[in-house]
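Residue numbers (my numbering), protein chains in the order written: chain A, 1 to 506; chain B, 1 to 999. Written out below as structure tokens is the structure these notes cover.
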Amino acid sequence: MKYTYKIFTIFASFLFVFSCSDLEEDRSGILSLDNLQSEGDLVAALTPIYKQLQVTYRGFLIRTNTFGSDDLTTWWGGNKAPLRVFDGFNYGNGENADINWLDYDWKGFWKLIYHANSLVNGLQTSTAPEASKAIIEAEARCLRAIAYLSLVKVYGNLPIILDGMTPTGDEQRATVLENYQHIEVDLLFAEANLPAPGSTANVGRASTSVAKTALADLYLTWAGWPVKDPSKNALAATKAKEVIDMGYHTLLPINELWSMENANSKESILSAQYSKEEGATGNQMPAATSFHMARGWSDMYPELQFFKDFPEGARKDATFVTDIPNRGFSGGKIVTKTPATISWEKSERFHPMYGKWTKSEDLTVGPRTIGFRPIEVYRYAEVLLIYAEAKAASGSMDASALEALNQVKRRAAGLDPNAANPSVDVTSATVNDIVTEKGWELAGEHKRWFDLIRTETLEEVTAKRDPKEQVPLVRQPTKDQYITPLPAEAIATSKLIQNPQGFKIR
Amino acid sequence: MKQTKTKFFLITLLIAFGNTLFAQLSVSGTVVDQDGQPIPGVTILDDNNKTNGTVTDFDGNYTISVPSDGTIKVSFIGYQSQSIAVSGQTNINISLEEDISALDEVVITGYGSQVKKSDLTGSIASVSSADFENQPLIRVDQALQARAAGVAVTQTSGAPGAGYKIRIRGANSITGNNNPLYVVDGLVVGNINNLNASDISSMEVLKDASATAIYGNRGANGVVLITTKSGKKGKAKIQVDSFFGTSQVVQNIPVMTPAEFAEGVNLRDAAPGKPATIDADRIAELRAGAGVNWQDYFFRSAPFSNIVVSASGGSDDIDYYISANTYKAKATVINQDFNRLNLRANINAQLNDKLKVGINNFVSRSENTGARVNLATGIAWDMNTPPRNSSGEYNSIPLVPGVGNGTNMPLLVPENNSVENISDQLISSIYANYNITDQITLNISAGIEKIDFTNSSYEHGITGPNKAVVKDQQALRLQNTNRLSYKNDNPDHAFQADLVHEQQSFEMTFREATASDFFTDSTNFKELSLAGIQNTDSGISNEKLESFLARINYSLYEKYLFTASVRADGSSKFNKDNRWGTFPSGSLAWRISQEDFLKDHSTISSLKARASFGVTGSQAVDPFSTISIPGISSENNYPFTGGIPSIGVAPSTQMPNPDLTWETTTQFNIGFDIGLWDSKALLSVDYYSKKTEDILLSRVLPEFVGPTSITQNAGEVENKGFDISLNTVLYEKNDWSINSNFNLSANKNKVVKLVDGIESMVLGNIYYNSTFPVNPTRVEVGQPISTFRGYHFEGVYQTGDAQGTPGHAKYRDLNNDNQITSEDIGNIGDGNPDFTWGWNLNLDYKDLNLNMVFEGAQGNEIYNFQRMRMMGLGSAQFHAVHADFRDSWSTTNPSNTIHAGTQAARDANQWLSSQWLEDGSYTTLRSASLTYNLKDTLSVLGVEQFKVFVNGENLFIITDYSGFDPVSTASGNSDVDLGIDYNAFPISRSFSIGFNLTF
């Protein structure tokens, strides 16, 4: 009997050795944003904000809601139905809120805003050096403002969700004007705290010229539809001029602008970076702008009338591809077929392709063409044109504004932008002339649509559409087509009111 | 033992002396049981002279003197008595049959308790090895299919070795896990995928709250108790079971001919001034036999084999059961192979008359290899392009760009990429059982479960950028259970009480390496250091649980039975104030047939009424659900310099909720069991009503909030239903015996409440964000958990209709605003069946046995997105391949079911609509086996038993469903996306032959 007890005692004590009387979770492996201590911590928290800029700008999807402009059309077949909805204006009264791709920019930019809000909140308790904190906060708020401005331009007024708030999902939409105001506050803070351009090796990070350019963009938008406050034109001109006067930014020769080597050049003000070191993700712009026969997806290409009106010259050659590459995919490689190219008139889609992104395309990674060149969010040519337009619109057109416009025109003709040349220089220009010039200069760059609605010229531009376009127009656009329906899923999970009922300007 | 032996000897001696007067025949022999084991102590009596008798000795031997024309009567408690005419024989060997009515079967109820079926107060379905011994099985859960009322066992994939979805009395939770708790030999385990079905002695499914409440916070979804075999005292027994056969998919999906496909392409691509996409010459070639039906390349006839070898036996003090099993199978889908190997050793030792110890050990490995072809897009790929050109090189893309869909040639992935998923599982438990007194027992057990998953994959450069991912994941579960039991031996006031203390910990770690930009494809995932870009990721999580349980059983005069239990659980997943939960239960039963007025009733042999009530819980959320977890992965890194990305730390996508606590399910159950005609028919009927409150709900937040989800205790779900099972001996005469086991389960699932003020929520996130901008299912108050969303398809606009474009699909305008907007999306059906049923029919004739398992579901709908894609719809799908496309609307074919084949009609078509919804009801002959028992024919070789059999699975499926089959759907284990068919792995029809050898 004694023997039994002994065995049993040994047995029992062995079993009781592991005991978990402590029922706390071991959270030692989890990092917290409430405890940003070093410069390194700040950069780690800043990184995902820029990441969202990169994700959102990765391809054509950010342009889904802007296909109504004349610089964009799409394949009449395949899976491009969502793009055709916008290209043909098949929306405006709540319909087609539930289509694919519509909410791509919505999701991407709201996530950016969340990341920025969290970082600014985290700075409240951060023990990092004050100087670093100010720059980091400026960057976060600068990108938050750019994201908000993008969303407001597309969807109209939005709920105001900034740092220091704890949103629940029950928030209501503010007015467009109120949105402009908090965007302005952010950008003014950023302008005051960001470093000068070119002062860091981090080519992807925002400088004070980004804040000034975004402010110029905001004011120009503010002056036009829907708020239409003409007093903002002068502010737009001032901010653009400040960028020009910094003397840092320049225009590159147009035939070199889109090469891989000239990524992050002095023409670039803000661009989203796509590094090969991240793996084979890259950006989809070469694929989006290439036809299937060129190993792309035929997502976006210029409308025929836009291409026809586009003035001949160096810029037209740099902007479009008219001999469409004829390629296949075999043995894991993209191969060139015979003939190597087919003229655009006889090509698969009967349109030219954009060449801005295919110039730097990489054909060695996988079955589709891909890009690793940064995507321009703002570049210097736009600043020059904003300046010219704002001056013209505020009735104070002068030599400096004409010079800004002429620099763009000279460069477009393949000339030195800084040397006056009577063969291209103009001596007067209307707002309309400048908007048209801007359309050519920034064709396909996610700008044209906003210029058309801001200046309320969408209707007249659409009226000139070539009847040979294969994507049918469902209707001629009116103001109802100026804003995009809010994504159906966002309406379903919140208390937001759908456009146009929920669209409130002031 | 020694004492007993002496007693036998004395009795034998006495009897022998008392019978010396008559000169008679001396008869001797051995008495054995059904398994051939000798039975000591069996009484042998001279039928004509009751004073003349003997008992068998320890080895079952007896000797008795009886008249040569006399009769001996052989009897032993628990066995059927036999009378045998001596007829001059001097050696009579006797085999006794066990005398067990179904009601005397012992049912295991958890935490060491065993109860006779007749004494059960709760609702428990029991399946023993005898029930499925005539069906060749690979997986343990297969044995439950169609055999247990209230237990829905669904095969969600036809991949060999793949899992089944088990739901006990419906789904309680919305986003929480609804899997039952699996307990193998007292040890909670993570999964039962690798267990060997031949090792199973019995399975009990605990259904009502009085049965499950002893598992407290993890009992809400029901509990499956699995008991593995142990050795029996006696001669060593060696058993070899084997079967092998082949499988095919049940049916292919009908497609057009390649020429019809090409004509469809040209119709859809037609645009002013544009030549036909596929020219007339090529169409002529297609008509002459060129082109491809992709399903011919994707499916194959797939062989499989299974071998089990086991040895068992025991002596007075030690018993053992050891087994080994290998299963190898190819899948019906190309390039998919599965291998499984497992070993078991169960050993028990009686150290002395007070102390017994034992160990159960199980180790296994399973391997899934091969990259799977994407059936969803592959079947819908370009029919014009053969996989290889005339010189044998791949046609990686369509011959004409932009035809079919946007993916690469479907065979590139399975023929070049590599996938290897290995799962190693160790389950080991030991126990010591100590009888402190005759009535009080202390049982201490401890166990370890360790599962290692190694998932490796390689994407070959021929399919795109090369990339390798290797992920090692390790899960470790430790459990200790200490139980003190008391049991009296007063039959009028039978009383049993248990006190249990239990602690568990669970730890999960993973390490993942992703590598890309390999300069060579030759070493694939086996040499990651050859990659130009290498990333790593890792993670760790842990959870702990501590519990106390008290339980009593009381039986008064064997008529009135009571059970009550209370369990308290503390979980590390919740914050301190919400950590502990208490889960009580009680039940009673009245054995009416024990009352005098029914005692010897000629028809009703037994009747029992039962009622139970109890509360169980679920903590089925991930660890760290109460807090925010920052996002750290390459998804948050960014290349500031244009080169190597900086590491980013993003705010959590989950909103913290420190108040998170238990989800509780309250269940009420009433039922009765009735036995008729000497238990020839046994009917059990249960009605239950379950209410689950404070549901652990992961709610999708609108994007502007920031975090995309929050886990909340919100909402209420109700499950009500019936479980009916009917076991009958249909015929038992001469050499015939026909047994039937039928069961039917009806469950009605309803969402009663969601987060306050919210009537519906979007929860299934599988399809959201990829194919559909609006989720195909949602959770809505007043509806079952998963409700299909979509437009109501109302046919096709015809020429001459006042509205609409002829040939375009017509949808119901729900809000009558004369426009079809997302406001017109409504509820169009759901994937929950009205009832499911199973029927197991067993026929014996002499040495032949036929075992058939039928199974079915009624009233569920399936969202057939596979068909939608094959009709040329869906993201990056350009053209149609489905045979139904032939019936597309045209001016000459005014179809009212399929819209026109033009691009405009495609653009006007809504992918989410009742056009793609189908009835998923079915009846299937899940399994049929014919077995011939050769019994003694090989006894000269020392063989005790030899059975051969043929088996067929899924011999027929009766259904209106047009997809591969109505059983497997892509939504797997999810309950919020129930019944969506997209890229599912079809189930197969298989034939096998096998044998079962015992010696």
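All residues carry an ideal CB built from backbone N, CA and C; glycine is no exception.
Residue environment for B:GLU527: exposed (fewer than 16 other C-beta atoms within 10 angstroms of its C-beta). Collapsing the DSSP output to three states places B:ASP678 in coil.
If you check the CB distance, B:GLN295 and B:ILE379 come in under 8 Å. Sorting B:HIS879, B:PHE946, B:ASP141, B:ASP735 by C-alpha distance to the C-alpha of B:ASP199 places B:ASP141 at the top. With the criterion set as a beta carbon lying under 8 Å from some beta carbon of chain A, the members of the stretch 261-288 of chain B are ARG268, ASP269, ALA271, PRO272, GLY273, LYS274, in sequence order.
With a threshold of 8 Å between beta carbons, B:ALA329 makes no contact with chain A.
Chain A places no beta carbon closer than 8 Å to that of B:GLU558, leaving this residue out of the contacts.
Taking a C-beta distance under 8 Å as the contact criterion, B:ASN348 and B:LYS356 qualify as a contact pair. Excluding sequence positions up to five before and after B:LEU286, its CB lies within less than 6 Å of the CB of PRO258, ALA259, ALA262, all in the same chain and listed in chain order. DSSP lists no bridge partner for B:TYR215. Listed in chain order, the beta strand (DSSP E) elements of length 3 or more contained wholly in the stretch 685-749 of chain B are 696-700, 709-713, 716-733. Inter-residue distance for A:ILE244 and A:LEU384 is about 7 Å (C-alpha atoms, whole angstroms). B:SER485 and B:ALA468 do not touch by the CB rule: their CB atoms are close to 54 Å apart, not below 8 Å.
Chain order gives the chain A residues near B:VAL774 as ASP98, ALA488, GLU489, where near means a beta carbon separation below 7 Å. One Cα belongs to A:PHE86, the other to A:ILE342, and the distance between them is close to 29 Å. Within 10 angstroms of the beta-carbon of B:VAL940 lie fewer than 16 other beta-carbons, which makes it exposed. Contact between B:PHE865 and B:TRP916 holds: CB atoms are separated by about 7 Å, below the 8 Å threshold. Between the stretch 70-77 of chain B and the stretch 42-62 of chain B there are three or more inter-stretch CB-CB distances shorter than 8 Å, so the stretches are counted as touching.
At a cut-off of 8 Å, the C-beta of B:GLY994 has no neighbouring C-beta in chain A.
For B:GLY112, no alpha helix (DSSP H) encloses it, and the DSSP letter there is neither H nor E. Runs of the beta strand (DSSP E) lying entirely within the stretch 949-990 of chain B, each at least 3 residues long, are 957-959 in chain order. Identification of chain A residues near B:ARG579 by a Cβ-Cβ cut-off of 7 Å yields LEU23, ordered along the chain.
Residues of the stretch 636-663 of chain B with a Cβ closer than 8 Å to any Cβ of chain A, in chain order: ASN636, ASN637, TYR638, PRO639, PHE640, THR641, GLY642, GLY643, ILE644, PRO645, SER646, ILE647, GLY648, VAL649, ALA650, PRO651. Taking all protein chains shown into account, A:ILE505 has fewer than 16 neighbouring C-beta atoms within 10 Å of its C-beta and is therefore exposed. By the rule that beta-carbons nearer than 8 Å mark a contact, B:ALA876 touches chain A.
Spatial neighbours of B:THR582 in its own chain (CB-CB distance under 6 Å, excluding positions within 5 residues in sequence) are listed in chain order as ALA568. Shown in chain order are the members of the stretch 533-553 of chain B whose Cβ falls below 7 Å from a Cβ of chain A: ILE533, ILE540, ASN542, LYS544, GLU546. By the neighbour-count criterion, in which 16 or more other beta carbons inside 10 Å mark a residue as buried, B:GLY70 falls on the buried side.
It is roughly 29 Å from the alpha-carbon of B:GLU546 to the alpha-carbon of B:LYS229. Secondary structure remark: continuous alpha helix (DSSP H) runs of at least 4 residues inside the stretch 390-455 of chain A, in chain order: 399-412, 431-441, 448-454.
Using a CB distance cut-off of 8 Å, B:VAL188 does not count as an interface residue toward chain A.
A Cβ of chain A is located within less than 8 Å of the beta carbon of B:LEU701. If only uninterrupted beta strand (DSSP E) runs of at least 3 residues are considered, those enclosed by the stretch 488-568 of chain B are 493-518, 531-556. Ranked by Cα distance from A:ALA318, the options A:ALA413, A:ILE375, A:SER268, A:PHE503 are led by A:ALA413. Across the stretch 281-295 of chain A, CB contacts with chain B closer than 7 Å involve HIS292, MET293, in sequence order along the chain. In summary, the residues of the stretch 151-163 of chain A whose CB is separated from some CB of chain B by less than 8 Å are LEU158, PRO159, ILE161, in the order they occur in the chain.
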